[in-house]
Amino acid sequence: MLDAAFMRRWMSATAAAVDREAARLTDLDSAIGDADHGANLQRGFQAVTAVLDKEAPDTPGAVLALAGRQLISTVGGASGPLYGTLLRRTGKALGDAGEVSREQLAEALGAGVAAVGQLGGAAAGDKTMLDALLPAVEALGESFPAAAEAAGAGALATVPLRARKGRASYLGERSVGHQDPGATSSALLIGALAEAAA
Amino acid sequence: MILEWSHSARLALEVLVNMLINVPETVVADALRGIAAAHPSLTVDVDNRVVVRRDAPVAGQVALVSGGGSGHEPLHAGFVGPGMLSAACPGEVFTSPVPDQMVRAAAAVDGGAGVLFVVKNYTGDVLNFDMAAELAEDEGVTVAKVLVDDDVAVTDSLYTAGRRGTGATLFVEKIAGAAAVEGAPLERVEAIARQVNGSSRSFGVALTACSTPAKGSPTFELPPGELELGVGIHGEPGRERRAMMTSREIADYAVQVVLEDLRPTSPVLLLVNGMGATPLLELYGFNAEVHRVLAERGVPVARTLVGNYVTSLDMAGASVTLCQVDEELLRLWDAPVNTPALRWGC
Numbered sequence: 001m002l003d004a005a006f007m008r009r010w011m012s013a014t015a016a017a018v019d020r021e022a023a024r025l026t027d028l029d030s031a032i033g034d035a036d037h038g039a040n041l042q043r044g045f046q047a048v049t050a051v052l053d054k055e056a057p058d059t060p061g062a063v064l065a066l067a068g069r070q071l072i073s074t075v076g077g078a079s080g081p082l083y084g085t086l087l088r089r090t091g092k093a094l095g096d097a098g099e100v101s102r103e104q105l106a107e108a109l110g111a112g113v114a115a116v117g118q119l120g121g122a123a124a125g126d127k128t129m130l131d132a133l134l135p136a137v138e139a140l141g142e143s144f145p146a147a148a149e150a151a152g153a154g155a156l157a158t159v160p161l162r163a164r165k166g167r168a169s170y171l172g173e174r175s176v177g178h179q180d181p182g183a184t185s186s187a188l189l190i191g192a193l194a195e196a197a198a
Numbered sequence: 001m002i003l004e005w006s007h008s009a010r011l012a013l014e015v016l017v018n019m020l021i022n023v024p025e026t027v028v029a030d031a032l033r034g035i036a037a038a039h040p041s042l043t044v045d046v047d048n049r050v051v052v053r054r055d056a057p058v059a060g061q062v063a064l065v066s067g068g069g070s071g072h073e074p075l076h077a078g079f080v081g082p083g084m085l086s087a088a089c090p091g092e093v094f095t096s097p098v099p100d101q102m103v104r105a106a107a108a109v110d111g112g113a114g115v116l117f118v119v120k121n122y123t124g125d126v127l128n129f130d131m132a133a134e135l136a137e138d139e140g141v142t143v144a145k146v147l148v149d150d151d152v153a154v155t156d157s158l159y160t161a162g163r164r165g166t167g168a169t170l171f172v173e174k175i176a177g178a179a180a181v182e183g184a185p186l187e188r189v190e191a192i193a194r195q196v197n198g199s200s201r202s203f204g205v206a207l208t209a210c211s212t213p214a215k216g217s218p219t220f221e222l223p224p225g226e227l228e229l230g231v232g233i234h235g236e237p238g239r240e241r242r243a244m245m246t247s248r249e250i251a252d253y254a255v256q257v258v259l260e261d262l263r264p265t266s267p268v269l270l271l272v273n274g275m276g277a278t279p280l281l282e283l284y285g286f287n288a289e290v291h292r293v294l295a296e297r298g299v300p301v302a303r304t305l306v307g308n309y310v311t312s313l314d315m316a317g318a319s320v321t322l323c324q325v326d327e328e329l330l331r332l333w334d335a336p337v338n339t340p341a342l343r344w345g346c
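Residue numbers (our numbering), protein chains in the order written: chain A, 1 to 198; chain B, 1 to 346.
Right, dumping it as structure tokens:
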């Protein structure tokens, strides 16, 4: 079963992964966006770990909801509201339970991902974070490593796609051939989830 | 394709641009402290990233709040003052501000007549201003929003995030700001802002890429001898790359593209806007070419503004914005304005 400490490990592992990969995220973003994705997520997840240390919420849902609110308040750009909504809605879907199962987390994450789709107006294949998150939710019903693998594969699969949402969409055909930075950071988030479970 | 990209990225990383900064993390805060030191007419909250005109709130007057990523100075903080914005919310470089900033700004400037959010049409700005509007309404502030989306370089709007907000932002903020001073109610100020946006079109070219402080090197590669047509204001590459053109050729191209989309039946306001690193000498020469093309096309120019107003860090290049005006919009454009970056009639 997954408790509040598990969710905090997940958020710490995400912060560490974003730190490690910040330069790569920024490089991917400079190819088809505006070269700030790494720095923005770094700032956001540092703030998340700081607030979780300070307030130490005691249920898995409360941890994710607080993390989401913190991202909305610190990141800006599109990624702040989108990642913030993802975690906040996932947290809300988990309710007040002290412990949840992997299956329950998969279901809640599905609700979070749906909220992201609604907020950003994107769908599968638009070359966005959804292309990593949707397959991850599907695979999380099976196992944590399967989810990480599906998210990574989903991010890679954005390379030949043409962007239809966000800043990369201004490039039209020229966005083809580049991996989407948002899908890449989403794969990091799900990879960190598998790390926390290992 | 991937191999090709990583090769070019490595090359780009080798070239670090000299910048007049301390560390990348503090550029926005440092600039805000500098703005506070230079402009006593503004109240600058460095920690919360809100710039407010010192005499706010003005009772009974609609207040305009805008904001967006930093790196476009003087937009938006430079346009805070009587006759234009009541407050500006600067985000990180090229990153929209967070909702907390706009909520704070709205509360500080609301004089009881409501607040108009002027939002450039980028996914991040739209999401954060939407969230802020909801939160501000919860706190009892009446909020209206206007989206600025004037960039004709983005054509396929069904399959993109839609047109970008660029040079027309200045026209919207100035003209709607003047309407607010005249005592127009919120619905009227909002309608005028929409009219200005709907009557404006822009097109930009880059002669160099720009370098964000976080990256320290150009955000895309643009070799000498080439230019990028249809760029936005975030160092994102444009739609087409060509061999370098003359000022005359660029003016022909840019005005042509704008006029394909905006067919003015009355005089226009013209903004010849520098992207940040192009000298005024070149901008004025370009302005002469733009006037020549407009005269050839039979478009009368009512007013002209030349300078660096909606910039993209250290990018070289320029954009052309036209705004078709009727008598009312022209009168509001000519009305007094007193801000750090735009000042006349006072």
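C-beta: ideal position from N, C-alpha, C; glycine also.
Would Val46(B) pass as a contact of Leu32(B) if the rule is Cβ separation under 8 Å? By one-based count along the second sequence, residue 46(B) stands at place 46. By one-based count along the second sequence, residue 32(B) stands at place 32. Here Val46(B) is near Leu32(B), since their CB atoms are less than 8 Å apart.
First and last residue of the alpha helix (DSSP H) that includes Leu52(A)? Numbered from its first residue, the first sequence carries residue 52(A) at position 52. Residue range 37-55 is occupied by the alpha helix (DSSP H) that includes Leu52(A).
Under the DSSP definition of a beta bridge, which residues are partnered with Gly68(B)? For the purposes of this step, residue 68(B) is taken as residue 68 along the second sequence, with counting starting at 1. Paired residue(s): Pro90(B).
Please name the residue, chosen from Ser79(A), Ile72(A), Ala192(A), Ser143(A), that lies closest to Arg102(A) on a Cα-to-Cα basis. Counting from 1 along the first sequence, the entry for residue 102(A) is found at position 102. Here the closest residue by C-alpha is Ser143(A).
Does DSSP put Met11(A) in a helix, in a strand, or in coil? For the purposes of this step, residue 11(A) is taken as residue 11 along the first sequence, with counting starting at 1. It is helical.
Contact defined as beta carbons within less than 8 Å: I believe Met129(A) pairs with Leu82(A). What is the distance between those atoms, to the nearest angstrom? If you number the first sequence from 1, residue 129(A) lands on position 129. If you number the first sequence from 1, residue 82(A) lands on position 82. About 7 Å; that satisfies the 8 Å criterion.
Please list the partners that Arg174(A) has in chain B, where partner means a Cβ-to-Cβ separation under 8 Å. Taking the first residue of the first sequence as position 1, residue 174(A) is located at position 174. The answer, in chain order, is Pro237, Arg239.
Out of Ser200(B), Ala105(B), Asp100(B), state which residue places its alpha-carbon closest to the alpha-carbon of Asp149(B). Translated into positions along the second sequence, residue 149(B) becomes position 149. Comparing Cα-Cα distances from Asp149(B) to each of Ser200(B), Ala105(B), Asp100(B), the minimum goes to Ser200(B).
Select from the stretch 68-83 of chain A all residues with a C-beta closer than 9 Å to any C-beta belonging to chain B, and list them in chain order. Taking 9 Å as the cut-off between beta carbons, the residues of the stretch 68-83 of chain A near chain B are Ile72, Ser73, Thr74, Val75, Gly76, Gly77, Ala78, Ser79, Gly80, Pro81, Leu82, in sequence order.
If I measure Cβ to Cβ from Val58(B) and keep anything under 6 Å in the same chain, skipping five residues before and after, which residues do I get? Counting from one through the second sequence, the residue named residue 58(B) turns up at place 58. In its chain, beyond the 5 residues on either side, Gly111 have a beta carbon closer than 6 Å to the beta carbon of Val58(B).
Could you check if Ile192(B) is buried or exposed, using at least 16 other CB atoms within 10 Å of its CB as the buried criterion? On the second sequence, position 192 is the one that residue 192(B) refers to. Counting of Cβ neighbours within 10 angstroms places Ile192(B) among the buried residues, the total reaching 16 or more.
Classify Ser266(B) as helix, strand or coil using the three-state DSSP reduction. Within the second sequence, residue 266(B) is the residue found at index 266, counting from 1. In the three-state reduction of the DSSP assignment, Ser266(B) falls in the coil class, being assigned neither a helical nor a strand state.
Taking DSSP as the reference, what is the three-state secondary structure of Ser143(A)? For the purposes of this step, residue 143(A) is identified with residue 143 of the first sequence, where counting begins at 1. Three-state DSSP puts Ser143(A) in coil, outside helix and strand.
For the alpha helix (DSSP H) containing Arg201(B), name the first residue and the last one. As a position in the second sequence, residue 201(B) is number 201, starting the count at 1. If you look at Arg201(B), you'll find it isn't in any alpha helix (DSSP H); it sits in the beta strand (DSSP E) that goes 200-206.
Taking any Cβ of chain A, which residues in the stretch 91-108 of chain B have a Cβ under 9 Å from it, in chain order? Residues of the stretch 91-108 of chain B that bring their beta carbon within less than 9 Å of a beta carbon in chain A comprise Gly91, Glu92, Val93, Phe94, Thr95, Ser96, Pro97, Val98, Pro99, Asp100, Gln101, in sequence order.
Cβ distance (whole Å) where Ala254(B) is taken to contact Phe203(B) below 8 Å: In the second sequence, the residue the question calls residue 254(B) occupies position 254. In the second sequence, the residue the question calls residue 203(B) occupies position 203. About 5 Å; that satisfies the 8 Å criterion.
Per DSSP, what kind of secondary structure is Val293(B) in: helix, strand or coil? As a working mapping, residue 293(B) is identified with position 293 in the second sequence. Val293(B) falls in the helix class under three-state DSSP.
Using a Cβ-Cβ distance cut-off of 8 Å, determine whether Lys54(A) contacts chain B. Locating residue 54(A) in the first sequence gives position 54, where the first residue counts as 1. So, not an interface residue.
Measuring alpha carbon to alpha carbon, tell me which residue in Arg89(A), Glu99(A), Arg167(A), Ala187(A) is nearest Asp131(A). Reading the first sequence from its first residue, position 131 is the one you call residue 131(A). Cα-wise, what sits closest to Asp131(A) is Ala187(A).
Could you tell me which chain A residues have their CB closer than 7 Å to the CB of Lys215(B), listed as they occur along the chain? Within the second sequence, the letter at position 215 stands for residue 215(B). Chain A residues near Lys215(B): Thr26, Ser30, Ala35.
Provide the residue(s) that pair with Ala318(B) in DSSP beta bridges, ordered along the chain. Start at 1 with the first residue of the second sequence, and residue 318(B) comes out as number 318. The beta-bridge partner set that DSSP reports for Ala318(B) consists of Val205(B), Gly274(B).
Based on the DSSP secondary-structure assignment, which residues constitute the bridge partners of Leu42(B)? To locate residue 42(B), count along the second sequence from 1; it is residue 42. Bridge partners of Leu42(B): Arg53(B).
Taking Cβ to Cβ, would you say Arg163(B) is nearer than 8 Å to Tyr122(B)? The residue you call residue 163(B) lines up with position 163 of the second sequence. The residue you call residue 122(B) lines up with position 122 of the second sequence. Cβ atoms of Arg163(B) and Tyr122(B): not closer than 8 Å.
Mind pulling the chain A residues with CB within less than 8 Å of Gly167(B)? For the purposes of this step, residue 167(B) is taken as residue 167 along the second sequence, with counting starting at 1. Going along chain A, no residue has its Cβ under 8 Å from Gly167(B), so there is no contact; the nearest lies around 16 Å.
Considering Cα atoms alone, identify which of Glu240(B), Ser70(B), Leu322(B), Thr278(B) is closest to Glu260(B). Reading the second sequence from its first residue, position 260 is the one you call residue 260(B). Distances from the alpha-carbon of Glu260(B) to those of Glu240(B), Ser70(B), Leu322(B), Thr278(B) put Leu322(B) closest.
Taking the alpha-carbon positions, what's the Gly216(B) to Asp180(A) distance? On the second sequence, position 216 is the one that residue 216(B) refers to. On the first sequence, position 180 is the one that residue 180(A) refers to. For Gly216(B) and Asp180(A), the distance between alpha carbons rounds to 21 Å.
Among Pro340(B), Ser319(B), Pro300(B), the one whose alpha carbon lies nearest that of Val325(B): Here the question's residue 325(B) lines up with position 325 in the second sequence. Nearest option by C-alpha distance: Pro300(B).
Going by DSSP, what residues sit across from Ser211(B) in a beta bridge? Taking the first residue of the second sequence as 1, we reach residue 211(B) at position 211. Here Ser211(B) is bridged, per DSSP, to Pro218(B).
Quick one: which chain A residues come within Cβ less than 8 Å of Ala161(B)? Reading the second sequence from its first residue, position 161 is the one you call residue 161(B). Within 8 Å Cβ-Cβ: Lys165, Gly166, Arg167, Ser169, Tyr170.
Among the candidates Glu92(B), Phe94(B), Ala77(B), Val93(B), whose CA atom is the shortest distance from the CA of Ser86(B)? As a first step, residue 86(B) is located in the second sequence; it is residue number 86 there, counting from the start. The shortest Cα separation from Ser86(B) among Glu92(B), Phe94(B), Ala77(B), Val93(B) belongs to Ala77(B).
Would Gln101(B) pass as a contact of Val50(B) if the rule is Cβ separation under 8 Å? Against the second sequence, residue 101(B) aligns to sequence position 101. Against the second sequence, residue 50(B) aligns to sequence position 50. Yes. Within cutoff.
At a CB-CB cut-off below 8 Å, which residues of chain B make contact with Gly120(A)? In the first sequence, residue 120(A) corresponds to position 120, counting from 1. The answer, in chain order, is Thr123, Leu127.
Output needed in chain order: residues of the stretch 188-209 of chain B with a Cβ under 7 Å from some Cβ in chain A. Per Cβ criterion, the list is empty.
Assuming Ser347(B) contacts Val93(B) under a Cβ cut-off of 8 Å, what Cβ separation, rounded to an integer in Å, is found between them? Shown here, chain B extends from 1 to 346; a query on residue 347(B) therefore has no answer.
For the stretch 138-161 of chain A, list every residue whose C-beta sits within 7 Å of some C-beta in chain B, in sequence order. Those residues of the stretch 138-161 of chain A that come within reach of chain B (Cβ to Cβ, closer than 7 Å) are Val159.
Contact set for Ser169(A): own chain, Cβ-Cβ below 6 Å, skip 5 residues either direction: Position 169 of the first sequence, counting from 1, holds the residue named residue 169(A). Only Ala163 meet the Cβ criterion.
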